[in-house]
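*Asks:* Residue numbers (UniProt numbering), protein chains in the order written: chain A, 1 to 197; chain B, 1 to 197; chain C, 1 to 197; chain D, 1 to 197.
Number of protein chains: 4
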Amino acid sequence: MSNASTLPTRKDAARNRARLLKAALELFGTQTDVTLKDVARQAGVGVGTVYRHFPTKEDLLDALTSDQVTLAVDIAREAAAESDGWQGLTRFLEESMRLQVENGCLRCVVDTGEPFSPVIAEARETIASLVQQIVAKAQQQGTLNADLDATDINLMLLALVAVLDATRATSPDRYRHQLALLLDGMRAENRQAASIA
Amino acid sequence: MSNASTLPTRKDAARNRARLLKAALELFGTQTDVTLKDVARQAGVGVGTVYRHFPTKEDLLDALTSDQVTLAVDIAREAAAESDGWQGLTRFLEESMRLQVENGCLRCVVDTGEPFSPVIAEARETIASLVQQIVAKAQQQGTLNADLDATDINLMLLALVAVLDATRATSPDRYRHQLALLLDGMRAENRQAASIA
Amino acid sequence: MSNASTLPTRKDAARNRARLLKAALELFGTQTDVTLKDVARQAGVGVGTVYRHFPTKEDLLDALTSDQVTLAVDIAREAAAESDGWQGLTRFLEESMRLQVENGCLRCVVDTGEPFSPVIAEARETIASLVQQIVAKAQQQGTLNADLDATDINLMLLALVAVLDATRATSPDRYRHQLALLLDGMRAENRQAASIA
Amino acid sequence: MSNASTLPTRKDAARNRARLLKAALELFGTQTDVTLKDVARQAGVGVGTVYRHFPTKEDLLDALTSDQVTLAVDIAREAAAESDGWQGLTRFLEESMRLQVENGCLRCVVDTGEPFSPVIAEARETIASLVQQIVAKAQQQGTLNADLDATDINLMLLALVAVLDATRATSPDRYRHQLALLLDGMRAENRQAASIA
DNA sequence: TATGAATGAGTGTTCATTCAT
DNA sequence: CATGAATGAACACTCATTCAT
């Protein structure tokens with residue numbers, strides 16, 4: 001939870017930092033156009049406190065993203081540890097989506113060209129490499145289409161996140177259906193040469 | 001009160017409206033954070049003119065959406081006219097995405113809970129109903145999974161749009177791969193009972 | 001008064017620009033730490049109007065300075081036209097100070113290393129060159145110390161401005177005494193070899 | 001209530017006060033827009049400590065000024081002790097400027113109408129009185145213009161400080177030229193009836 | 001007592017919207 | 001009608017000052 005680059009020694013400071021990240025997660029997870037005053041109010045502190053912990057709005061978002069990406073790295077690691085590649089892939093997608101359902105700030109796992117901090121870039125690379133391992137394993141085991149790579153998996157996540165965001169208010173489980181379809185489409189035995197030109 | 005000299009004004013007004021929508025499409029299709037001054041400049045008119053035609057920024061976006069949804073309705077209608085259901089479905093998705101590639105304002109075809117105007121709501125319903133027809137036909141013909149409905153298709157579009165938006169700058173064709181996967185996953189013969197819990 | 005780089009075509013816009021410059025002159029001429037809200041209030045307009053005319057606080061100050069420096073150029077030109085060099089020098093100093101008494105924004109005639117716009121830089125060079133002419137003429141005519149140059153004159157102005165600013169509230173004419181002393185010190189016939197080590 | 005264990009604290013407090021003043025002098029002497037956090041960091045203490053010693057930013061500046069004015073009083077006293085009035089005057093100006101070159105906080109010796117503390121006011125009066133003695137002596141000895149008084153001398157200092165501040169970065173000795181001119185202008189024998197109207 | 005975290009009024013600046021020309 | 005100047009609420013961010021640790 002606490003970033004390596006910042007070390008809030010005092011207890012109350014650490015608590016405020018956590019509160020701020022929690023508040024920010026709650027707000028940015030569901031809306032865009034969140035002001036820092038909103039975050040401060042939600043966290044029950046003054047604006048100045050936001051700036052003490054995060055010198056810039058960008059920095060707050062980076063910290064938020066870092067936290068989520070760190071959790072995502074753990075998920076990828078556990079998924080890569082599965083001996084069955086297909087199982088690993090399924091687990092990676094499902095657990096990542098569970099993270100998004102709970103926190104709603106996963107957008108950033110995929111590199112969309114937006115500015116990001118080194119920490120995030122590194123985590124992304126780690127995830128990409130782990131996913132690549134999972135993909136390779138599943139392909140060797142003959143359960144995954146040969147024409148997929150790590151980027152496809154990341155984009156799938158992005159797609160599912162979009163679905164979740166759109167349906168969260170009315171039927172937050174809906175994305176699972178899409179995930180099922182995608183998984184079916186990814187099975188090696190289901191590949192259709194003529195699906196698309 | 002109305003005389004001959006005021007007639008050409010109507011033409012001008014219509015032309016300005018078209019110009020504004022074109023300008024807005026060009027800008028909102030690729031960026032966010034577009035100001036109305038930007039739109040006015042792109043259209044070659046003053047800000048006041050924007051407000052004459054669209055009392056509110058929201059109204060402009062609604063009009064933009066309406067245009068796109070209208071085009072989407074046409075696509076859906078043509079797709080529904082195909083005798084082969086699977087073909088119709090494929091066509092609907094591919095053509096809709098082509099629209100998004102070109103115009104970039106398809107976000108709104110799916111109801112995401114955001115406020116929208118009656119005309120958009122109506123068009124959405126029309127599309128939903130047409131897609132439902134396509135889906136039913138394909139299912140009757142035994143080519144489409146039985147557990148899919150029109151909403152799934154719309155959400156698929158939403159997902160693909162997210163992929164396109166993220167990859168537009170670097171590899172704008174990437175979404176086609178995701179589409180292929182989804183199509184494979186949707187084929188009746190490929191349905192896996194155990195894909196997901 | 002109106003800058004060449006900006007062309008306020010409308011009458012009311014031009015009036016507001018003039019009002020803003022007037023208000024800014026009144027405020028910046030006597031105080032530091034003036035906010036743009038202060039300027040807006042003093043001018044009787046909204047803050048937005050300040051930004052329409054001057055995209056940046058710096059720009060407003062630049063415009064203010066430009067105006068004053070332009071007036072200063074005229075003074076220098078007239079002073080350089082005097083056939084008597086000493087007379088020209090006296091005139092330059094007295095008239096420049098009159099400008100400062102009235103407007104209070106002359107600080108900028110001397111290059112103090114702060115950022116400034118090209119317009120100001122150019123005007124400064126023009127003034128420096130004219131003052132150099134005056135100095136040379138007076139030195140040729142044997143009325144001015146040989147060891148003075150245009151920079152000395154500018155620094156003298158700076159010094160006198162400091163005196164004026166400090167005494168404006170209590171005895172705004174006091175600077176004239178300092179000016180008299182400096183003029184006496186500049187007369188060729190009064191040069192003391194041993195005045196300072 | 002007071003015991004042996006609190007005694008060393010006094011020493012610490014005194015040392016911190018000195019450190020703070022030193023740090024403040026270093027920062028305010030060369031820049032404007034110095035924050036109290038800057039001062040605290042430069043002094044190696046926390047902000048809270050600044051406020052323990054100086055309840056207000058203004059108070060810190062007052063203390064700074066007091067220190068400098070005290071040094072200036074010493075200079076004035078030594079200068080007044082010279083038997084030769086002109087020598088005393090020269091010494092006063094040169095030494096005062098040396099102070100400004102080194103510390104850069106002399107602004108305050110002259111009453112510019114800004115708020116100031118009683119101790120500063122008193123020191124100013126002392127200086128004024130000493131300078132008045134020097135001036136009177138030199139006038140009696142026939143080396144100084146009859147129309148000068150202590151205020152003129154203080155304003156001269158102010159003027160020279162302005163010159164120094166403007167030229168410090170590029171040619172910090174430049175002010176000496178202005179000083180030479182002023183001294184020449186102040187010599188009784190160089191008085192020109194017609195220097196200024 | 002020293003520390004530095006917390007505070008919030010205040011800055012410069014933007015932009016949707018209104019209104020005089 | 002079209003224009004673009006005027007408006008002011010709102011934003012990201014700063015900093016003198018207070019207060020919990």
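Just so you know, even glycine gets a beta-carbon here, dropped at the ideal spot from N, CA and C.
(1) Skipping 5 residues on each side, what residues in its chain have a beta carbon closer than 6 Å to that of B:A23?
(2) Consult DSSP for A:L148 and reduce its assignment to one of helix, strand or coil.
(3) Looking only at its own chain, which residues have a Cβ that is under 7 Å from the Cβ of C:I127, when we skip the five neighbours before and after it?
(4) Would a C-beta distance cut-off of 7 Å place C:S96 and C:L155 closer than the cut-off?
(5) Looking at C-alpha atoms only, which residue of C:Q68, C:V119, C:S129 is the closest neighbour of C:G29?
(6) Under 8 Å Cβ-Cβ, which residues of chain B neighbour A:T167?
(7) Name the DSSP beta bridge partners of A:R187, please?
(8) What would DSSP say about C:V161, mapped onto helix, strand or coil?
(9) So what's C:F54 in DSSP terms, helix, strand or just coil?
(10) When you compare the CB positions of D:S171 and D:I120, do they come within less than 7 Å of one another, or not?
(11) B:A150 and A:V163 look like a contact to me (Cβ under 8 Å); what is the Cβ gap, rounded to whole Å?
(12) Which residues of chain D have a Cβ atom closer than 8 Å to the Cβ of C:L160, listed in chain order?
(13) Roughly how many angstroms lie between the CA atoms of B:L60 and B:V101, to the nearest whole one?
(14) Is any beta-carbon of chain B found at less than 7 Å from that of A:V47?
(15) Is DSSP giving D:A169 helix, strand or coil here?
(16) Report back the beta-carbon spacing between D:L46 and C:G185 to the nearest angstrom; my notes put them in contact at under 8 Å.
(17) Identify every run of the alpha helix (DSSP H) within the region 75-105 of chain D, keeping only runs that are complete inside it and at least 4 residues long; order them along the chain.
(18) Count the other CB atoms, across all protein chains shown, that sit within 10 Å of the CB of A:V10; report buried if there are 16 or more and exposed otherwise.
(19) What does a CB cutoff of less than 8 Å around D:Q133 pick up in its chain, not counting 5 residues either side in sequence?
(20) Contact defined as beta carbons within less than 8 Å: I believe residue 198 of chain C pairs with C:T143. What is the distance between those atoms, to the nearest angstrom?
(21) Which residues in the same chain as D:G88 place their Cβ atom closer than 8 Å to its Cβ, once the five residues preceding and following it in sequence are excluded?
(22) Smallest Cα separation from D:L25: which of D:R168, D:A63, D:N190, D:Q141?
(23) Please report the straight-line C-alpha distance between C:R124 and D:T90, rounded to a whole angstrom.
(24) Which residues mark the beginning and the end of the alpha helix (DSSP H) in which C:R17 is found?
(25) Does any residue of chain A bring its CB to less than 7 Å from the CB of B:N190?
(26) In three-state terms, what does DSSP make of residue 198 of chain B?
(27) Counting only beta-carbon separations shorter than 7 Å, does D:G29 have a partner in chain C?
(28) For D:L182, decide whether its Cβ has a neighbour in chain C, counting only Cβ atoms nearer than 7 Å.
(29) Given a limit of 9 Å on CB to CB distance, which residues of the region 129-147 of chain D reach chain C?
(30) Considering only the beta carbon of each residue, do C:R176 and C:T167 sit closer than 7 Å?
(31) When you compare the CB positions of A:V50 and A:L27, do they come within less than 7 Å of one another, or not?
(32) Can you list the residues of chain A that B:R124 reaches, using a CB-CB cut of under 8 Å?
(33) I'd like the list of long-range same chain contacts for A:S117, defined as Cβ closer than 6 Å, with 5 residues on each side in sequence excluded.
(34) Run through DSSP, which three-state label would B:T35 get?
(35) In chain B, which residues lie less than 8 Å from A:M97 when you measure between Cβ atoms?
(36) If you measure from the beta carbon of A:T6 to each beta carbon in chain B, is any gap under 7 Å?
*Replies:* So, from the listed chains and residues:
(1) V39, Q42, A43
(2) coil
(3) A72, V73, A76, V109
(4) no
(5) C:Q68
(6) L155
(7) A:L144
(8) helix
(9) coil
(10) No, the pair does not count as a contact, with Cβ atoms beyond the cut-off.
(11) Not quite, the Cβ-Cβ distance comes to about 15 Å (not below 8 Å), so this is no contact.
(12) A159
(13) When rounded, the distance between both Cα atoms is 21 Å.
(14) no
(15) coil
(16) Note that residue 46 of chain D is Gly in the sequence shown, not Leu. No, D:G46 and C:G185 are not in contact; Cβ-Cβ is about 51 Å, not under 8 Å.
(17) 85-103
(18) The sequence shown places Arg at residue 10 of chain A, not Val. A:R10 comes out exposed.
(19) A80
(20) Residue coverage of chain C in this structure runs from 1 to 197, which leaves residue 198 of chain C outside it and unanswerable.
(21) Hits under 8 Å: A79, A80, A81, E82, I134, K137, A138.
(22) Per the C-alpha coordinates, the member of D:R168, D:A63, D:N190, D:Q141 positioned closest to D:L25 is D:A63.
(23) Cα-Cα distance, rounded: 33 Å.
(24) Here the alpha helix (DSSP H) through C:R17 covers 11-30.
(25) yes
(26) Because chain B spans 1 through 197 in this model, residue 198 of chain B falls outside it and cannot be assessed.
(27) no
(28) Yes, because at least one Cβ of chain C sits closer than 7 Å to the Cβ of D:L182.
(29) Under the 9 Å Cβ criterion, the region 129-147 of chain D contributes N145, D147.
(30) no
(31) no
(32) Result: empty, since nearest Cβ-Cβ is about 13 Å, beyond 8 Å.
(33) The answer, listed in chain order, is D62.
(34) coil
(35) By Cβ distance, chain B contributes nothing, its closest Cβ being about 11 Å from A:M97, past 8 Å.
(36) Residue placement at A:T6 cannot be trusted, given a pLDDT of 48 that sits under 50; what the coordinates show is reported in the next sentence. With 7 Å as the cut-off, A:T6 does not count as an interface residue toward chain B.
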